[in-house]
Amino acid sequence: MTEGSPKNSDKVFHFLAYCLLTLVWFSVFNYGYKWSQAKANVYTAVFSISFGVLIEYLQGHFTETRQFDVLDIIANSTGVIIMLLIIEIKNKTEHKKI
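So for the sequence shown, UniProt numbering puts the first residue at 1; every next one is plus one.
See the structure below:
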């Protein structure tokens, strides 16, 4: 973020980026591989959250300009969980209509 940005404003970007990442992974697993929603949810959560933690670790240990930030991991993980809840609610309401 830029110098004039409010403190922690990048967390919104992290949240939204991981919502999108979660949607992509879920689509690959559920629609691409034809896995059950439960299996797709688990793999999506594990892959997305693990990726977020790994990226933060790498930033903290292998770059000079970036740093490890637990709040980024929390924002990333929250994006994953919220998107999976949205997918779950959407799928439940679609099944009730049928």
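All C-beta atoms in this analysis are idealised placements derived from N, C-alpha and C, irrespective of residue type, glycine included.
Residue i classed as buried or exposed, judged by whether at least 16 other C-beta atoms fall within 10 angstroms
i: Glu-3; result: exposed
i: Leu-21; result: buried
i: Leu-84; result: buried
i: Phe-29; result: buried
i: Asn-41; result: buried
i: Thr-44; result: buried
i: Gly-52; result: buried
Chain-order list of residues whose beta-carbon lies under 7 Å from that of residue i (same chain, five-residue window excluded)
i: Asp-69; result: Glu-56
i: Ile-82; result: Cys-19
i: Gln-59; result: Arg-66, Gln-67, Phe-68
i: Trp-35; result: Phe-29
i: Ile-73; result: Gly-52, Val-53, Glu-56
6 Å Cβ shell around residue i - same chain, five flanking residues per side excluded
i: Ala-75; result: Lys-11, His-14, Phe-15
i: Ile-49; result: Ser-77, Val-80
Cutoff 8 Å: residue i Cβ touching any chain D Cβ
i: Ile-86; result: This model lacks chain D altogether, as it is built from one protein chain only.
Candidates the options, of which the one nearest residue i by Cα
i: Lys-7; options: Ile-49, Leu-71, Lys-96; result: Leu-71
i: Trp-25; options: Ile-87, Thr-93, Ser-9; result: Ile-87
i: Ser-77; options: Ser-27, Tyr-31, Phe-47; result: Phe-47
i: Ala-17; options: Val-80, His-61, Leu-58; result: Val-80
i: Asn-91; options: Gln-37, Gly-32, Gly-52; result: Gln-37
Cβ neighbours of residue i in the same chain (closer than 8 Å, five flanking residues each side left out)
i: Leu-23; result: Met-83, Ile-87
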